[in-house]
Amino acid sequence: MTLPLKKAVDSLFSRCGTIGNYQGREVLFLLTEPDEIVGVGFVNAHTNTHFMKIRISDAPDLAVGDTIETDAVTYRVHTEPVKDIHNLIWSVDVLCN
Numbered sequence: 748m749t750l751p752l753k754k755a756v757d758s759l760f761s762r763c764g765t766i767g768n769y770q771g772r773e774v775l776f777l778l779t780e781p782d783e784i785v786g787v788g789f790v791n792a793h794t795n796t797h798f799m800k801i802r803i804s805d806a807p808d809l810a811v812g813d814t815i816e817t818d819a820v821t822y823r824v825h826t827e828p829v830k831d832i833h834n835l836i837w838s839v840d841v842l843c844n
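The working numbering numbers the first residue of the sequence shown as 748 and each following residue consecutively.
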């Protein structure tokens, strides 16, 4: 039996997700631009990382150093992936290569 929350997550990713390639298989992910603003002296600067959400079912073994490729760009996992409280989605910082 599929949980209602899993159905909602799958629907969100299928409607709004970007298609990528992770370890030879197609995955869907959501990407936001830059994830954090940091203070450097008297100036606020954006970090060079992006914030990505990816379904755990698509990438169960996601780890630092893994890559997600699209036709235009390759993203490399920069920080340790963190699971949400429902164990459905990874949240991770990625660098654009």
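Ideal Cβ positions, reconstructed from N, Cα and C, are used throughout, including at glycine.
Model, not experiment: these values are computed from the prediction.
Measuring only the C-alpha atoms, how far is residue i from residue j?
| i | j | result |
| --- | --- | --- |
| residue 756 | residue 789 | 40 Å |
| residue 844 | residue 802 | 22 Å |
| residue 767 | residue 818 | 8 Å |
| residue 750 | residue 824 | 29 Å |
| residue 814 | residue 837 | 14 Å |
| residue 829 | residue 769 | 17 Å |
| residue 809 | residue 762 | 22 Å |
| residue 820 | residue 758 | 25 Å |
| residue 807 | residue 774 | 11 Å |
| residue 800 | residue 832 | 14 Å |
| residue 796 | residue 780 | 8 Å |
Whose C-alpha, out of the options, is nearest the C-alpha of residue i?
| i | options | result |
| --- | --- | --- |
| residue 849 | 811, 821, 834 | It is not possible to answer for residue 849, since the shown part of the chain is limited to 748 through 844. |
| residue 822 | 830, 842, 805 | 842 |
| residue 753 | 834, 769, 772 | 834 |
| residue 760 | 805, 830, 771, 820 | 805 |
| residue 764 | 778, 771, 770 | 778 |
| residue 771 | 820, 832, 816 | 816 |
Would you check if the distance between the CB atom of residue i and the CB atom of residue j is smaller than 9 Å?
| i | j | result |
| --- | --- | --- |
| residue 776 | residue 840 | no |
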